[in-house]
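Have a look at the structure below, then the notes.
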Amino acid sequence: MEPPNRPAKTLLPGPAWGGRVLTAVARTLPTLEAGNPSPASEMATLYAHLVPYEYRRAHGQFFTPLPVAAFMVRWAVTPQARSFLDPAVGTGIFLQEAVRIAPHLPRLCGYEVDPVLAEIARQVLATTGCFRPQIRREDFLRAEVPGPFDAIVCNPPYIRYREMAHSREVLQTFAQAFNLPLSGFTNLYGLFLVKIAALLAPFGRAAVLTAGDFLNADFGEPLKRFLLTRNLLEALLIFPPTQLLFGEPLTTTCLLLLSRGRAADAPVRLIRLSNFEAVSELSTVLARPAAEASGPGWIQTLRQPHALPPERKWRVFFLSPASASSPYLVPLSELALVRRGIATGANSFFTLTAAEVEQWGLEREFLRPCLAKASFAPFFDFTLQDFHCLAAAGKKVYLLYCEGPGSEALKRYLRYGEELGVPTRYLPRHRRPWFAPEKRPVAPVLVTVFSRTRLRFVFNRAGVWNLTAFHGIYPRFADPVRLRALMAYLISERCGDFLEAEARVYGAGLRKVEPRDVMALPVVDVRRLPPPVVEKLARLFEELCTAQRDQEGLPAVWARLAQVLEPYVTGDEQT
Ligand SMILES: C[S@@+](CC[C@H](N)C(=O)[O-])C[C@H]1O[C@@H](n2cnc3c(N)ncnc32)[C@H](O)[C@@H]1O
C-alpha cells in the first residue's frame, strides 16, 4: 500500500528566529566553564528552549543524551579508525565526543541541513580547540559524500513519510541505487540507515540511534533484509519508550551497532535495556565474546542472522530466553479464543444514544449494550455503572441487534437507515438482510486493537458486546477465580512487554494487534498454577481495579503483583 500523497512540509529555508538563537549561543558558549563535560548538550538545551517544539519535531531535531552519545562513539571508533562521519550533526555531540575520545583522528566530517544548527555545531567544536571537523551545511541524503568512513555515528531525524519534503524523489533514487524495494511508509531514518551502511569502510563500524518501529513495522522488512544480506548487524539494543528522542510519545528507541567484516556465523546480539543509564555497562559486555547474559538494567540474548527472518516482527526476539522457556508460559490460544469485535459497517446508524432509542421508541429486545470506542473503557475493568455513566453522558452505547423488521418502531428506524443509504455501504450490502448483526457471544475479556501508547486488556464485568475497537477474548475455562488470575497477568507489566513484542507498528507509533497476534501471546497457564497462587492473583486483580479507580496505592499493588508473577514468568519456579 502506498501512503497518501500529501503536500510535504518544507525543510528549508531556515527559521526566522535563527539570528536570535545564534546570538544567544554566541553569548552563552563563552560563559561555560572550561571543564564543562558537554558544550554540545548545553547548546542543545538552549536550542530546545528557544526553538518551538513543533518546528523541532517537524525537522527531527531531538538530541542524544551524553552517556548514550559517548557510548556510541566509543564503540564505533576503534584504535584503527582514521575517519569519522556524523551525517546529522545537530549541535555536534558525536563530533565533540570523537574529538575527546580520539583526539588524533585525521578525518572528521559532519552533515547538517539546518544552517542554524550547522553554525552552532561549528562554534561548539571550536570550544574543543579542534578545528579539523568539516561540517557541511547540506542534505546528507542528496549529498555526494566522499566515503568510505571507518566510523559513522548518527542519530538521524525521525520524520514520517508524510512530513518529508522530497520523500518520493529521494525514495526512488534510493530504491534504484541500492536495488531496495523501500516502502513509501519508510521513515526518513531508514534512508539514513541505508546510506550509512553503504558508506562504511571494510572493518568499519557504525552506531545509529533510531526509533524501534522498523523492528515490527512492514516498512522495516526491506531495511532488515538489507542489513542481514550484508551481514552488518553486530547488535541491536532497545530502550524503553521515551518522548525525549523523537518528539513522539512513547516511542521505543533502538540503537543499531553495525560492523563490516563480521564472521558469517557470528550471532547478532539482541540487548534490552531498562533505562539509558544502563548503557554505560555495555562497553565491557560488548568487548566480551557473545553469550546470553544479563546485568543490572540489561538482558542480552543471541540469535544467528538466519534466525532473524526479515518478514517477522523482531521485538519478540528480545524477550529473555528464560521467559521463552518458562514451563508455566503457554500461548493464550491454549487458554482462550480471540475474535475480532462486531463490524457494523456504519456505526453512526447501528449504534444509538439513550435519547435516540427513546426518540425512535425502539424496544430493548432489538438492542444490545455495546462498547464502540476504546476510550469508553479506560480502566482495567468495565462495570455496569461505567455503562450507565456512558449512557447518561449521551454516548452511543446501544447496538441495533435484530434479524427481521419486528415492531413498527423498528421498521421506522430501518426505513430511516435506507434513506441514509446504509444498505448500500460495503458490509451491509453483503448481509442478508442488510441490517442483520454479526453473531457474537459477549466476550468476558477485551483487548484494544489500536493504541499509540500501550495496548490494554479490560475485564468486561458489564457483559457488553464489543465492536471492532476491541478484540474479544473467550476463555476455554469457566472458573471465575482463574479468570481474575488471568486478568492479573494480562494487565501486568510483563504481559504488556510481550504484547508490545507481538504488535505491528504503523506510522507515528500507532500499534495494532490482530486476533492471531493476541492468540500467540505468552501467558501464565492459570490452570497449572498452585491454587493459593491463583487466589492471590485474583485478589490482586481486584485490588488493582480499586487502586486504579481511586488513584491510590497503584504502584505498591503493582509491585506485589510483579513479585507473585515473576517466578512463573521467568521459569524460576520449578514445576
Ligand atoms: C535527531 S537530530 C540529532 C542531532 C545530533 N546528532 C544529536 O544526536 O544530538 C537530527 C539532526 O539532523 C538534521 N537533519 C535533518 N534532515 C537532515 C538531512 N537530510 N541531512 C542532514 N541533516 C539533517 C536535523 O536538523 C537535526 O539536527
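Each residue of the sequence shown is one higher than the one before, starting from 1 at the first, in the working numbering.
Heads up, the beta-carbon is just placed ideally off N, CA and C, and yes, glycines get one too.
So what does H471 bridge to, in DSSP terms? R340, V447
Between A81 and F140, which are expected to be in contact by the criterion C-beta below 8 Å, what is the C-beta distance as a whole number of angstroms? Contact flag wrong, Cβ pair sits at about 20 Å.
CB of F62 to nearest heavy atom of ligand 1: below 8 Å? Yes - ligand 1 has a heavy atom lying nearer than 8 Å to the Cβ of F62.
For E438, which of helix, strand or coil comes out of DSSP? coil
Please list, in chain order, all residues of the same chain as C97 whose beta carbon is under 7 Å from its beta carbon, the five residues on each side excluded. The sequence given here places Glu at residue 97; Cys does not occur at that position. So the list reads A69, A70, V73, once near-sequence residues are dropped.
May I have the straight-line CA-CA distance separating L565 from R461, to the nearest angstrom? 23 Å
Could you tell me which residues DSSP puts in a beta bridge with K512? F450, R504
CA-CA distance, Q333 and L490? Correcting the residue type first, residue 333 is Ser in the shown sequence and not Gln. Between S333 and L490, the C-alpha separation is close to 14 Å.
Looking only at its chain, what residues have a beta carbon closer than 6 Å to the beta carbon of L191, apart from the 5 residues adjacent to it on each side? L141, F174
I299 lies in the alpha helix (DSSP H); which residues open and close that run? From DSSP, I299 is part of no alpha helix (DSSP H) but of the beta strand (DSSP E) over 298-303.
Run of the alpha helix (DSSP H) containing S294, from where it starts to where it stops: Careful: S294 lies outside any alpha helix (DSSP H), inside the beta strand (DSSP E) at 293-295.
Secondary structure at R461, three-state DSSP: helix, strand or coil? coil
Which whole-angstrom value describes the C-beta separation of A576 and Y474, a residue pair presumed to lie in contact below a C-beta threshold of 8 Å? Nothing can be reported for residue 576: it is not among the residues displayed for the chain, which extend from 1 to 575.
Please confirm whether any heavy atom of ligand 1 lies closer than 8 Å to the CB of P37. no
Report the three-state DSSP secondary structure of A206 (helix, strand or coil). strand
Cβ contact (3+ pairs, closer than 8 Å) linking the segment 31-42 and the segment 113-132: yes
Judging by CA-CA distance, which residue of L410, P369, A374 is the nearest neighbour of Q359? L410
Taking Cβ to Cβ, would you say G345 is nearer than 9 Å to V422? yes
Please classify N580: is it buried, with 16 or more other beta-carbons within 10 angstroms of its beta-carbon, or exposed? The question about residue 580 has no answer, for the chain in this structure spans 1 to 575.
Assuming P310 and L228 form a contact by the criterion Cβ under 8 Å, report the distance between their Cβ atoms to the nearest whole angstrom. 6 Å
Assign A538 to one of two classes, buried (16 or more other C-beta atoms within 10 Å of its C-beta) or exposed (fewer than that). Looking at its Cβ environment, which holds 16 or more other Cβ atoms inside 10 Å, A538 is buried.
Report whether the distance from the Cβ of D621 to the nearest heavy atom of ligand 1 is below 8 Å. Since the first and last residues shown for the chain are 1 and 575, residue 621 lies out of range.
Which ranges does the alpha helix (DSSP H) cover as unbroken runs of at least 4 residues, wholly within the segment 147-228, from first to last along the chain? 167-178, 188-198
Identify, in the order they occur along the chain, each residue of the same chain with its Cβ nearer than 7 Å to the Cβ of G394, setting aside the five sequence neighbours on each side. Cβ neighbours of G394 beyond the five flanking positions: T353, A355.
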